[in-house]
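Under the working numbering, the sequence shown has 412 at position 403, and the numbering climbs by one with no breaks. Idealized CB from N, CA, C, for every residue including glycine. One structure is given below, encoded as structure tokens.
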Amino acid sequence: MPVETILFTMTPKPYRPLVDYAHPFDLFGGRMNAFQGLFTMHSLNRPVALHMLAQNVPFPSKVLEFPSAEELKAEIAKGYEYFAMQVHSNMEFRDAMEVCRWVRKLSPGTKIILGGHGVTCYTEEFLPRREVEQLADHVCWGDGVSFIQKLFGETREIDPVLPPMEFFIEMMPEKTSQAGVIIPGVGCINRCAFCATGNFFGGTFIKLQSPEGMYRVMERTQERYKRVTRFALFDELFLSRQEEVRHLGEMIYHGRRTNLSTASYFTFSDFRSLAQYDPDDLLRWGASRVFLGVESFTKPLPKTRGLDLKKMVSELQSRGIETILSLILGMKHHNRENLQTEMDSFIDLGAVYNQITIESPIVGAPNWEMFKRQGRIDPDFPLEHIHGYSAHYKHPNFEPGEVLERAKDFQRRIFRERGPSILKAIEVEMNGYAYCLHHADPVLRRDKALYF
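Below you can see the structure in the form of structure tokens.
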């Protein structure tokens with residue numbers, strides 16, 4: 010028997026690329042700055058959810074990252090009491106079922122726990138519930154932290170120090186940088202029809218950490234990982250909670266070791282939430298990069314309607330705060346003419362990084378049923394091929410695969426016309442340095458200018 014009671018693991022390698030240029034665990038290289046050759050910024054996105062869960066159980070645990078089939082089978086054979094596997098998405102649906110069969114064969118007494126976005130596939134539509142229950146003892150359909158704490162009777166609050174993300178540029182793979190990871194909470198109240206996160210958690214936000222807890226994690230992460238100067242706050246709508254943003258920001262602004270000269274953070278928002286802020290306050294409070302969903306100009310969503318997006322992006326980037334913007338192609342209302350309008354309007358915003366995806370049917374989200382009603386899902390192609398870069402969906406105004414090729418061409422156009430994202434990032438940081446150097450706020454002049 011192993012010393013650890015529970016094994017937390019991913020499904021085994023190899024992992025299917027979303028498309029020829031988009032690997033599921035390289036968020037930046039696969040999505041944010043694709044087709045940029047030697048200038049491509051790559052990222053390694055670790056399974057931080059597993060590490061967070063491992064810190065929420067009251068007994069020894071082990072986390073297995075990116076295992077091969079042989080490595081995973083060897084661990085299973087050790088006979089853990091519990092085996093907890095993250096089903097990252099529907100792309101891993103069948104692989105996860107096969108791994109469960111390995112557990113039943115190699116360690117019959119081990120109890121199996123399944124969780125992650127991919128468990129939405131465990132419905133009568135894809136796999137009878139009876140078959141799932143034969144393979145797994147427990148299935149977590151939402152927030153894993155509360156699920157695992159309830160299962161094992163653990164109630165203590167923790168400040169989890171998670172393994173950092175790693176970044177490198179294609180031309181210099183040996184030169185890596187790190188970003189600490191913080192998970193303030195999970196879920197999203199917006200519940201967009203095409204979004205997995207909001208619908209997986211039922212349109213709710215489940216808070217996991219207070220601003221004080223987030224700041225403690227920043228301090229402890231920097232103690233453990235000396236190269237970390239930037240943090241990723243994985244929270245779909247962090248900037249929508251103005252009081253939390255201000256509270257965390259004031260602690261960074263007045264901090265001793267973890268302060269504006271040593272730390273900043275990247276997070277997610279929508280333009281509607283962003284409009285609440287004076288950009289100078291976001292700068293004072295440590296924001297350095299914001300992911301914002303544009304999605305469509307020709308049929309704007311409520312989160313962008315009536316707002317001057319270009320002005321808002323410019324105000325951030327003139328102060329040294331980078332933007333990542335997302336656009337969705339192949340929405341129901343798109344045709345060849347307005348798709349071109351979407352792309353022209355999007356490139357004019359001048360973001361540092363850009364995510365270009367195709368509207369995809371998300372199992373468990375409203376658009377899954379919509380795609381089925383419209384006859385846009387081929388019932389014969391594998392479930393593993395349903396993702397944001399698939400060429401298999403039908404669209405009444407485009408040939409099969411056409412929208413995907415348009416998305417690829419648009420990524421190439423962004424690089425051709427706007428240049429490498431990494432150089433744009435340097436330009437924005439130089440903007441921030443100049444802005445802070447001459448600012449009336451002495452802390453920005455002293456600490457933030459030094460950070461840039």
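In the assembly as shown, Ile-215 is an exposed residue. Its beta-carbon has fewer than 16 other beta-carbons within 10 Å.
For Arg-110, same chain residues with a beta-carbon under 8 Å away, outside a window of 5 residues either side, are Leu-144 in chain order.
DSSP, reduced to helix, strand and coil, places Ser-70 within a strand of the structure shown.
A direct Cα-Cα distance of roughly 9 Å separates Asn-406 from Lys-341.
For the options Leu-291, Phe-275, Asn-347, the alpha carbon positioned closest to that of Lys-308 is the one of Asn-347. Between Tyr-402 and Val-128, the alpha-carbon positions lie close to 22 Å from each other. When the five nearest sequence neighbours on each side are left out, the beta carbons in the same chain lying within less than 6 Å of the beta carbon of Lys-71 are those of Glu-13, Leu-16, in order along the chain. Measuring C-alpha to C-alpha distances from Arg-293 to each of Glu-107, Cys-445, Phe-92 identifies Cys-445 as the nearest. Separation of Phe-161 and Glu-80 (C-alpha to C-alpha, rounded to the nearest whole angstrom) is 27 Å.
By the Cβ rule, the stretch 324-338 does not count as touching the stretch 163-171, because fewer than three pairs are nearer than 8 Å. Under DSSP, Ile-121 takes part in a beta bridge, and its partners are Phe-92.
Minimum Cα-Cα distance from Ala-205 among the listed residues Pro-388, Gly-410, Ser-369 corresponds to Ser-369. Of the candidates Val-141, Glu-228, Glu-134, Phe-75, the residue whose Cα lies closest to the Cα of Glu-107 is Val-141. Taken atom to atom, the span from the alpha-carbon of Tyr-262 to that of Val-226 is near 16 Å.
Residues of the same chain with a CB within less than 7 Å of the CB of Asp-357, apart from the 5 flanking positions on each side, are Lys-319 in chain order. Under the 8 Å Cβ criterion, the stretch 381-390 does not count as touching the stretch 453-460, having fewer than three qualifying pairs. The beta carbon of Ile-423 lies closer than 7 Å to those of Ile-356, Asn-363 in the same chain, with the five residues before and after it left out.
In this structure, Glu-232 sits away from Thr-49, with a CB-CB distance that is not shorter than 8 Å. Closest by C-alpha distance to Asp-353, out of Pro-33, His-396, Asn-376, Asp-418, is Asp-418. Closest in alpha carbon position to Thr-119, among Lys-184, Arg-427, His-97, Glu-84, is Glu-84. Taking a cut-off of 8 Å for Cβ pairs, the stretch 409-416 and the stretch 31-39 do not touch, as fewer than three such pairs fall below it. The alpha-carbon of Gln-187 is positioned some 5 Å away from that of Val-237. Counting C-beta atoms within 10 angstroms of its own C-beta, Asn-65 has 16 or more neighbours from the protein chains shown and is therefore classed as buried. With fewer than 16 other beta carbons inside 10 angstroms of its own, Met-181 counts as exposed.
Per the Cβ contact rule, the stretch 265-284 is in contact with the stretch 296-308 (3 or more Cβ pairs under 8 Å).
Distances from the CA of Tyr-89 to each of Pro-11, Thr-213, Gly-359 were compared; the closest alpha carbon is that of Pro-11.
Residue burial is scored here from C-beta neighbours: Pro-56 has at least 16 other C-beta atoms within 10 angstroms and is therefore classed as buried. The beta-bridge partner set that DSSP reports for Met-61 is empty.
Burial is judged here by how many other beta carbons sit within 10 angstroms of a residue's own beta carbon; His-126 has at least 16 and is buried. Ranked by how close their Cα comes to the Cα of Gly-397, the residues Arg-250, Val-322, Pro-33 have Pro-33 in first place.
Gln-364 sits in a strand when the DSSP states are folded into three classes.
As computed with DSSP, Ile-191 is found in a beta bridge with Leu-242. Put simply, the backbone Cα of Lys-87 is about 17 Å away from that of Ile-122. Thr-20 sits buried, since 16 or more C-beta atoms from the chains shown fall within 10 Å of its C-beta.
In the three-state DSSP reduction, Glu-163 falls in the coil class, being neither helix nor strand. Annotation for Leu-115: Lys-82, Ile-85, Ala-86 place their beta carbon closer than 8 Å to its own, counting only its chain and skipping 5 residues before and after.
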